[in-house]
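**Student:** This structure is in structure tokens; I'll ask about it shortly.
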Amino acid sequence: MAVRAGIWALLLALHIQAGDGQRVEMDSSKSGFVGSKVELRCIFINSNPPVKISQVTWQKLLNGTKQNVAIANPALGVSVLPPFKERVRFTQDAVRRSTPSLEDTTIEFNNLQLSDEAAYICEYTTFPAGNRESAVNLTVYARPLTRMTLTTPTIVARAPRRKMTVATCVSANGKPPSVIKWDTRLKGEATYQETRNQNGTVTVRSNFVVIPSRDTHKQKLTCIVTYRHERISESVVLNVQYEPEVKIEGFDANWYLNRQDVQLTCKADANPPVTIYQWKLLNGSLPSNVEIKNNTLFFKGPVTYDLAGTYVCDATNGIGTRTGIVDVNITEVNQERARAGTQIKDTKEEFPATLPTGIATPRPGPHTTGAAIGGAVGGVVLLAVAAVLLFVFLHRRQRTFKGDYSTKKHVFGNGYSKAGGLPNHPPIPKNLQYQEDSDDEKKPAQIGHTAGFEASERNFDAESEDLKRPYFTVDEGESREYDERTLAFQYDPEPEIADDMISQTDGSVISKKEWYV
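In terms of the UniProt record's numbering, the sequence shown is numbered consecutively and its last residue is 517.
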């Protein structure tokens, strides 16, 4: 008996040692969305030689309490317990055979529910090694229901202006909770609220608050919901009703006498559209020649002073009535033409048509400014050339003296005298010849028709008689020197001066009788 007991103890030790190589493989965690499918893997790694599997049991561990889900027994078969009976099954057919194979006992959840979230244990019962088990954590997500709504189909902007919620964005029954943001050009503010539901989901609500006005009409408002790695967006366009925004068009501040067919139009921006337009003239009635068509006043015939006044247009829609006003004044002349004429006059004064010298120059224009400057420079140059010619001409005349015998004596042949003649002057030879002036010398230089030149020409004409007189003569004994144009005289001996003559500072002599006259 003692020997037999020792043998059984040895065999048991060997079995236990062999069982050390056995293990259960499972995923550490799994997840899925409500309504979806999820597999929970469970595989038994047997030893060599293998041990005998007596039973496999799946259990749900929640708050420290275990609940059987499914059992696989080689002798009794497969069993799924309520409330999982309709939604859990073993995925391997070998488990359900009459001679089952229990190495792979993976189960599958169909129509996953939030209540399925828990830790699940897969336990193997073996002989003689005992029990081997492992666990997996199952997380169940709930995709939220997202919607965006307008507070009211139609938003009315009324006075006094107040803040109001125009749109609401909701992400309901989500797990985990969503994040909501707004995308819009509207100037407003958003409010947020979270509500935790009994089933573990969260509902997030956000309201967008603005002050309704004409500017908020037809503005786009987008709600963006971020759930885990997903992004959901929804948009609405605001429909804001407001009173008419009125203005009167047509008066251009240039209604002048006899202008034809002028008109005034009442323009109104409103939602809903304007249904009634009413015209009136302050402090009076509308002119008799006016015709009203819809929102326009047509003034028939020419403009008269009777059209002047303050015109008022009342525009009415379903929200209210607003007014537009314009002051019409009548002028005697066309203001646009008057302004154009003033501009032309200013241009003429700034750019004269002719230079002071009488030289014509083009009117200024886009391409004539440079030409005007060039013409002015040319005129200045022409004046300078004319002045040089005049100086040369006068200098030549000054050096070439022509006179008669009634002049006073001048040492260098220039000047006139009040005396009748010179005493003791040698007789003039009869055969002495004098060089005549050429025609060019007798004619004044052609230098234009300026005012200064005309004065010079009058001086030339006044002296024309003197130019025709013979040259001043001297004694043949006196030496003569000539250049191209001027005859100069030099006296070897200084001429004697009579007692009754007086020398002058310019080299001439005059009688004492004339000196004292």
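All C-beta atoms in this analysis are idealised placements derived from N, C-alpha and C, irrespective of residue type, glycine included. Note that the structure is a prediction, hence the values are computed from the model and not measured.
On the three-state DSSP scale, how would you describe Gly379?
**Tutor:** Taking the first residue of the sequence shown as 1, we reach residue 379 at position 379. DSSP places Gly379 in helix when its eight states are reduced to three.
**Student:** Beta carbon of Thr106, beta carbon of Arg41: below 8 Å?
**Tutor:** Along the sequence shown, read from residue 1 onward, the residue named residue 106 stands at position 106. Along the sequence shown, read from residue 1 onward, the residue named residue 41 stands at position 41. Yes; because the gap between Cβ atoms is below 8 Å, this pair is in contact.
**Student:** Going by C-alpha to C-alpha distance, which of Pro177, Tyr141, Leu286 sits closest to Gly309?
**Tutor:** Along the sequence shown, one-based indexing puts residue 309 at 309. That would be Leu286, whose Cα lies nearest to the Cα of Gly309.
**Student:** What residue ranges within the UniProt domain "Ig-like" (35 to 139) form continuous beta strand (DSSP E) runs of no fewer than 3 residues, ordered along the chain?
**Tutor:** Under the rule that a run must span 3 or more residues, the beta strand (DSSP E) segments found entirely inside the UniProt domain "Ig-like" (35 to 139) read 38 to 40, 43 to 45, 52 to 62, 65 to 73, 77 to 80, 88 to 90, 107 to 109, 118 to 127.
**Student:** What's the gap between the Cα of Lys181 and the Cα of Arg132?
**Tutor:** By one-based count along the sequence shown, residue 181 stands at place 181. By one-based count along the sequence shown, residue 132 stands at place 132. Distance between the alpha carbons of Lys181 and Arg132: 50 Å.
**Student:** Give the secondary structure of Arg185 by DSSP, where H, G and I count as helix, E and B as strand, and everything else as coil.
**Tutor:** Locating residue 185 in the sequence shown gives position 185, counting from the first residue. Three-state DSSP puts Arg185 in coil, outside helix and strand.
**Student:** Of the residues Leu81, Gln278, Ala167, Ala142, which one's Cα is nearest the Cα of Ile211?
**Tutor:** Translated into the one-based positions of the sequence shown, residue 211 becomes position 211. Ile211 has its Cα closest to that of Ala167, out of Leu81, Gln278, Ala167, Ala142.
**Student:** Do you know whose CA, among Asn48, Asn110, Leu264, lies nearest Arg23's CA?
**Tutor:** Translated into the one-based positions of the sequence shown, residue 23 becomes position 23. That would be Asn48, whose Cα lies nearest to the Cα of Arg23.
**Student:** For Glu103, collect the residues of the same chain with a Cβ closer than 6 Å to its Cβ; drop the 5 residues on either side in sequence, then sort them by chain order.
**Tutor:** The count along the sequence shown starts at 1 and reaches residue 103 at position 103. Counting only Cβ-Cβ distances below 6 Å, and skipping sequence neighbours, we find Phe44.
**Student:** Would you kindly work out how many angstroms separate the C-alpha atoms of Ile325 and Leu297, rounded to a whole number?
**Tutor:** As a first step, residue 325 is located in the sequence shown; it is residue number 325 there, counting from the start. As a first step, residue 297 is located in the sequence shown; it is residue number 297 there, counting from the start. Going by the C-alpha atoms only, they are around 13 Å apart.
**Student:** At the level of alpha carbons, what is the spacing between Asn199 and Asp269?
**Tutor:** Within the sequence shown, residue 199 is the residue found at index 199, counting from 1. Within the sequence shown, residue 269 is the residue found at index 269, counting from 1. Answer to the nearest angstrom: the Cα atoms are 52 Å apart.
**Student:** For Ala167, list the residues DSSP reports as bridge partners.
**Tutor:** Here residue 167 refers to the residue found at position 167 of the sequence shown. Per DSSP, Leu150, Phe208.
**Student:** Okay, do the region 127 to 147 and the region 32 to 40 touch, 3+ Cβ pairs below 8 Å being the bar?
**Tutor:** yes
**Student:** Under 8 Å, do Phe109 and Lys60 count as touching if we go by C-beta distance?
**Tutor:** As a first step, residue 109 must be located in the sequence shown, where it is residue number 109. As a first step, residue 60 must be located in the sequence shown, where it is residue number 60. No, the pair does not count as a contact, with Cβ atoms beyond the cut-off.
**Student:** Which same chain residues end up closer than 6 Å to Asp327 when comparing Cβ atoms and leaving out the 5 residues on each side of it in sequence?
**Tutor:** As a first step, residue 327 must be located in the sequence shown, where it is residue number 327. For Asp327, where only same-chain residues beyond five positions count, the Cβ hits under 6 Å are Thr310.
**Student:** Can you have a look at Ile155 and say buried or exposed, based on whether 16 or more other CB atoms are within 10 angstroms of its CB?
**Tutor:** Stepping through the sequence shown from its first residue, residue 155 is reached at position 155. It is buried - the Cβ of Ile155 has at least 16 other Cβ atoms within 10 Å.
**Student:** Alpha carbon to alpha carbon, how far is Gln219 from Thr184? Give it in angstroms, no decimals.
**Tutor:** Indexing the sequence shown from 1 puts residue 184 at position 184. Indexing the sequence shown from 1 puts residue 219 at position 219. Rounded to the nearest angstrom, the two C-alpha atoms are 8 Å apart.
**Student:** Beta strand (DSSP E) containing Arg161: first to last residue?
**Tutor:** Taking the sequence shown and counting its residues from 1, the one referred to as residue 161 is at position 161. Counting along the chain, Arg161 falls outside any beta strand (DSSP E), and DSSP gives it neither H nor E.
**Student:** Quick check: Met148 and Glu234, are their CB atoms within less than 8 Å of each other?
**Tutor:** The sequence position of residue 148 within the sequence shown is 148, counting from 1. The sequence position of residue 234 within the sequence shown is 234, counting from 1. Yes, the pair counts as a contact, with Cβ atoms nearer than the cut-off.
**Student:** Quick check on this structure: which residue in Arg161, Lys267, Arg196, Thr151 has the alpha carbon closest to the alpha carbon of Leu221?
**Tutor:** Locating residue 221 in the sequence shown gives position 221, counting from the first residue. It is Thr151.
**Student:** When the Cα atoms are used, what is the spatial distance from Thr357 to Arg259?
**Tutor:** Here residue 357 refers to the residue found at position 357 of the sequence shown. Here residue 259 refers to the residue found at position 259 of the sequence shown. Below a pLDDT of 50, predicted positions are generally treated as unreliable, and Thr357, at 42, falls in that range; the measurement from the model is reported next regardless. Counting only the Cα atoms, Arg259 lies some 45 Å from Thr357.
**Student:** Where are the beta strand (DSSP E) runs, 3 residues long or more, that stay fully inside the region 218 to 268, in chain order?
**Tutor:** 220 to 227, 230 to 237, 240 to 249
**Student:** Is Ala387 buried or exposed, if buried means 16 or more other CB atoms sit within 10 Å of its CB?
**Tutor:** Walking along the sequence shown from the start, residue 387 turns up at place 387. With fewer than 16 other Cβ atoms within 10 Å, it is exposed.
**Student:** If I follow the unbroken beta strand (DSSP E) through Glu332, where does it start and stop?
**Tutor:** Locating residue 332 in the sequence shown gives position 332, counting from the first residue. From DSSP, Glu332 is part of no beta strand (DSSP E); its letter is neither H nor E.
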